[in-house]
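Colleague: Let me begin by handing over the structure; questions about it come next.
There are 2 protein chains.
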Amino acid sequence: MSAIEAKNPARGRPRSETKRKKILEAAVDLFLANGYEGASVEDIAAAAGVSRQTVYSHFGSKEDLFGLAVSSRCKKSGVDPDRIDYSQPPEVMLPEIARRFATLLLGEDAKRVNAICTSCADTHPELGQLFFEHGPCQAKQAVADYLASQAQRGRLAITNPGFAAWQLLCMLKGEAQLRVQFNCEPLPADAIDAYIDDCVAMFIRAYTPAAV
Amino acid sequence: MSAIEAKNPARGRPRSETKRKKILEAAVDLFLANGYEGASVEDIAAAAGVSRQTVYSHFGSKEDLFGLAVSSRCKKSGVDPDRIDYSQPPEVMLPEIARRFATLLLGEDAKRVNAICTSCADTHPELGQLFFEHGPCQAKQAVADYLASQAQRGRLAITNPGFAAWQLLCMLKGEAQLRVQFNCEPLPADAIDAYIDDCVAMFIRAYTPAAV
DNA sequence: TATATTCTGGACTCATCAGTCCAGTCATTC
DNA sequence: GAATGACTGGACTGATGAGTCCAGAATATA
Chain A
1 MSAIEAKNPA RGRPRSETKR KKILEAAVDL FLANGYEGAS VEDIAAAAGV SRQTVYSHFG
61 SKEDLFGLAV SSRCKKSGVD PDRIDYSQPP EVMLPEIARR FATLLLGEDA KRVNAICTSC
121 ADTHPELGQL FFEHGPCQAK QAVADYLASQ AQRGRLAITN PGFAAWQLLC MLKGEAQLRV
181 QFNCEPLPAD AIDAYIDDCV AMFIRAYTPA AV
Chain B
1001 MSAIEAKNPA RGRPRSETKR KKILEAAVDL FLANGYEGAS VEDIAAAAGV SRQTVYSHFG
1061 SKEDLFGLAV SSRCKKSGVD PDRIDYSQPP EVMLPEIARR FATLLLGEDA KRVNAICTSC
1121 ADTHPELGQL FFEHGPCQAK QAVADYLASQ AQRGRLAITN PGFAAWQLLC MLKGEAQLRV
1181 QFNCEPLPAD AIDAYIDDCV AMFIRAYTPA AV
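Residue numbers (the working numbering), protein chains in the order written: chain A, 1 to 212; chain B, 1001 to 1212.
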């Protein structure tokens, strides 16, 4: 609840930016690892090598800190659209995209961010939204752009690239991602690869332009 | 930690089965609504119209109660394969299945079970597994069976019905389910319907047998 | 009726954790 | 070197919640 602004920033000892970063880092780690309830301010302060009071001085409250932590995390873990080569045809580019996406999806980090955002949906509705936009939505947009470009070149018969992008990405999740999400025995790697290949092939088949 | 067995079940006042059920019901409701941490034993006892001690007498500990509650819930909320008509062709049956699945998926209950199982993944790994088997896995199997039957009749060109079933079901989740999961503004109903129709059409296109 | 057991409800312990307060120390600016 | 504000660490408050204990009431069997 406290106002976080410095009383007179020009005078006295300035707040340490290093400490601020340390705290935020520690918060990201601990919140992701243990969830909101599971990570105490004391733990975070200790992990950052800082007193509890300093945490409050920098961030005001646990809630505020939580918001900033998750937000900072989401912003840096998106799928970068830069690595999509628009000149490559779908048969080359889609398997590549699919594999990258699957790797991201099945990692420990995605699982945790997912868990946090899901479980805190009620207490922190804005977090889910934040993650949705910086995560899935961004990935979808990148794919949709690529698909649209291919459609324009006549390589794919897609009228609604947005739909098609969601279809591809959601499809890729498959059994493997559910198993990760719900802590089940993971699928063997070759089964995952086979599934992904099958998805891409199926997708291309559905959207291949009619032969001339 | 306490042993829950009655000391001498034949003698004395027997444990009330009614109370047991009431407690379990209340536990399901409150755990689903508030999560594991959010639902206190006191709340549950109160909701069941019973003393806290009775809860402990019946279930031993909060953890045990939690496990039984989620387990009982999962068992009764599966997708029933009975309502699939194997004689109907894909063009008729798949849109029907897709709609039913989407309704289930976007409901409040699915969201909550999902949230609980996801957030308790670390403390209660067996719960996720339980849900996975009684939920998604069962639905997938029903669809896979139907697809296999259609493949056998030559109506679909599917060699791996399991893959195809996961593809269809995962694809259907789409943007709408992500929005539900992450507490975002829901999509308008007509957009959801359009997406579902598009998915089914796309699926059938990909698996239509080559013309003779 | 005697006995065994459940159920109640309230009091109790124990632990955890968010957030505050404060006195003393440290770094920075004027 | 004086004023100012950040930082520390420990003590403190207040709240919450799991699990236990107990005395008395209720309910079943023998």
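Yeah, the Cβ is synthetic: ideal placement off N, Cα and C, and Gly gets one too.
(1) Which of helix, strand or coil does DSSP assign to B:C1074?
(2) Can you name, in chain order, every residue of its own chain whose Cβ lies under 7 Å from the Cβ of B:V1143, other than the five neighbours on each side?
(3) Do you know whose CA, among A:L104, A:E126, A:L94, A:M202, lies nearest B:R1179's CA?
(4) Can the beta-carbon of B:F1101 be found closer than 9 Å to that of B:A1069?
(5) Buried or exposed: which applies to B:V1028, given that a residue is buried once 16 or more other Cβ atoms fall within 10 Å of its Cβ?
(6) Hey, is B:L1187 close to the ligand PLP, as in C-beta under 8 Å from one of its heavy atoms?
(7) Locate the alpha helix (DSSP H) running through B:C1184, then write down its first and last residues.
(8) What's the call for A:A206, buried or exposed, on a 16-neighbour Cβ count within 10 Å?
(9) Please state the DSSP three-state secondary structure of A:L147.
(10) Indicate whether A:G128 and A:A121 have their beta-carbon atoms separated by less than 9 Å.
(11) Rounded to whole angstroms, what's the CA-CA distance from B:I1084 to A:G107? Just pull it up for me.
(12) For a contact meaning CB atoms closer than 8 Å, what does A:F132 contact in chain B?
(13) Between B:L1065 and B:L1024, is the Cβ-Cβ spacing less than 9 Å?
(14) Cβ of B:G1035 less than 9 Å from any chain A Cβ?
(15) Give a yes or no on whether the minimum CB-CB distance between B:C1199 and chain A is below 9 Å.
(16) Rounded to the nearest angstrom, how far is the Cβ of B:H1134 from that of B:K1075, given a contact under 8 Å?
(17) Would you report the Cα separation of B:G1049 and B:G1154, rounded to the nearest angstrom?
(18) Around the C-beta of A:Q150, are 16 or more other C-beta atoms found within 10 angstroms, so that it is buried, or is it exposed?
(19) I'd like to know if A:M93 contacts chain B, where contact means its C-beta is closer than 9 Å to some C-beta of that chain.
(20) List, in chain order, every chain B residue whose beta-carbon is nearer than 7 Å to that of A:K62.
(21) Which two residues bound the contiguous alpha helix (DSSP H) that contains B:L1214?
(22) Tell whether a beta-carbon distance below 9 Å holds between A:T216 and B:A1115.
(23) Mind listing which residues of the stretch 115–126 of chain A have their C-beta closer than 7 Å to chain B's C-betas, in chain order?
(24) Counting only beta-carbon atoms, is A:P136 nearer than 9 Å to chain B?
(25) Quick one: using the 10 Å Cβ neighbour count with 16 as the cut-off for buried, is B:M1001 buried or exposed?
(26) If you check the beta carbons only, do B:T1208 and B:A1157 fall under 9 Å apart?
(27) Go ahead and label A:G12 buried or exposed: buried means 16 or more other beta carbons lie within 10 angstroms of its beta carbon, across all protein chains shown.
(28) Assign A:I192 to one of two classes, buried (16 or more other C-beta atoms within 10 Å of its C-beta) or exposed (fewer than that).
(29) Might you give, ordered along the chain, the residues of its own chain that have their beta carbon closer than 6 Å to the beta carbon of A:A148, omitting 5 neighbours on each side?
(30) Roughly how many whole angstroms lie between the Cα atoms of A:D145 and B:G1038?
(31) Could you tell me which chain B residues have their CB closer than 8 Å to the CB of A:Y195, listed as they occur along the chain?
Modeller: Inspection of the coordinates gives the following:
(1) Numbered from 1 along the second sequence, position 74 holds the residue referred to as residue 1074 of chain B. It is helical.
(2) As a working mapping, residue 1143 of chain B is identified with position 143 in the second sequence. Within the same chain, B:V1143 has close Cβ partners I1097, A1165, L1168, L1169.
(3) On the second sequence, residue 1179 of chain B is found 179 positions in, with the first residue counted as 1. Of the candidates A:L104, A:E126, A:L94, A:M202, the one whose C-alpha sits nearest the C-alpha of B:R1179 is A:E126.
(4) By 1-based counting over the second sequence, the position of residue 1101 of chain B is 101. By 1-based counting over the second sequence, the position of residue 1069 of chain B is 69. No, Cβ-Cβ distance for B:F1101 and B:A1069 is not below 9 Å.
(5) Counted from its first residue, the second sequence places residue 1028 of chain B at position 28. With 16 or more Cβ atoms within 10 Å of its Cβ, B:V1028 is classed as buried.
(6) Summarising the ligand content, the structure contains no ligands, and the ligand PLP is consequently not present.
(7) Within the second sequence, the letter at position 184 stands for residue 1184 of chain B. From DSSP, B:C1184 is part of no alpha helix (DSSP H); its letter is neither H nor E.
(8) The residue you call residue 206 of chain A lines up with position 206 of the first sequence. Under this definition A:A206 is a buried residue.
(9) Working through the first sequence from its first residue, we reach residue 147 of chain A at position 147. Helix.
(10) Residue numbering aside, residue 128 of chain A sits at position 128 when the first sequence is read from its first letter. Residue numbering aside, residue 121 of chain A sits at position 121 when the first sequence is read from its first letter. Yes.
(11) In the second sequence, residue 1084 of chain B corresponds to position 84, counting from 1. In the first sequence, residue 107 of chain A corresponds to position 107, counting from 1. Approximately 36 Å between the Cα atoms of the pair.
(12) By one-based count along the first sequence, residue 132 of chain A stands at place 132. Result: L1178, R1179, F1182, C1184.
(13) For the purposes of this step, residue 1065 of chain B is taken as residue 65 along the second sequence, with counting starting at 1. For the purposes of this step, residue 1024 of chain B is taken as residue 24 along the second sequence, with counting starting at 1. In this structure, B:L1024 lies closer than 9 Å to B:L1065 by Cβ.
(14) Indexing the second sequence from 1 puts residue 1035 of chain B at position 35. With 9 Å as the cut-off, B:G1035 counts as an interface residue toward chain A.
(15) Position 199 of the second sequence, counted from the first residue, corresponds to residue 1199 of chain B. Interface residue, yes.
(16) As a first step, residue 1134 of chain B is located in the second sequence; it is residue number 134 there, counting from the start. As a first step, residue 1075 of chain B is located in the second sequence; it is residue number 75 there, counting from the start. Correct: roughly 6 Å between the Cβ atoms.
(17) Counting from one through the second sequence, the residue named residue 1049 of chain B turns up at place 49. Counting from one through the second sequence, the residue named residue 1154 of chain B turns up at place 154. Their backbone Cα atoms lie some 58 Å apart in a straight line.
(18) For the purposes of this step, residue 150 of chain A is identified with residue 150 of the first sequence, where counting begins at 1. When all chains shown are included, A:Q150 counts as buried.
(19) Within the first sequence, numbered from 1, the residue matching residue 93 of chain A stands at position 93. A:M93 does not count as touching chain B.
(20) Within the first sequence, numbered from 1, the residue matching residue 62 of chain A stands at position 62. Per Cβ cutoff of 7 Å: no residues; A:K62 is ~15 Å from chain B at best.
(21) Outside the shown range of chain B (1001 to 1212) lies residue 1214 of chain B, about which nothing can therefore be said.
(22) The structure shown has nothing for residue 216 of chain A, since chain A only spans 1 to 212.
(23) A115, C117, T118, S119, A121, P125
(24) As a first step, residue 136 of chain A is located in the first sequence; it is residue number 136 there, counting from the start. A:P136 counts as touching chain B.
(25) To locate residue 1001 of chain B, count along the second sequence from 1; it is residue 1. In this prediction, B:M1001 scores a pLDDT of 41, lower than 50, which makes its location untrustworthy; the coordinate-derived value is nonetheless stated afterwards. The residue in question, B:M1001, is exposed, as its Cβ has fewer than 16 Cβ neighbours within 10 Å.
(26) The residue labelled residue 1208 of chain B in the question sits at position 208 within the second sequence. The residue labelled residue 1157 of chain B in the question sits at position 157 within the second sequence. Result yes, Cβ atoms of B:T1208 and B:A1157 sit closer than 9 Å.
(27) Here residue 12 of chain A refers to the residue found at position 12 of the first sequence. By the neighbour-count rule (16 or more Cβ atoms within 10 Å), A:G12 is not buried but exposed.
(28) The sequence position of residue 192 of chain A within the first sequence is 192, counting from 1. Buried: at least 16 other Cβ atoms inside 10 Å.
(29) Here residue 148 of chain A refers to the residue found at position 148 when the first sequence is read from its first residue. So the qualifying residues of the chain are P161.
(30) Here residue 145 of chain A refers to the residue found at position 145 when the first sequence is read from its first residue. Here residue 1038 of chain B refers to the residue found at position 38 when the second sequence is read from its first residue. Rounded to whole angstroms, A:D145 to B:G1038 spans 42 Å at the Cα level.
(31) Indexing the first sequence from 1 puts residue 195 of chain A at position 195. Those are F1163, W1166, listed as they occur along chain B.
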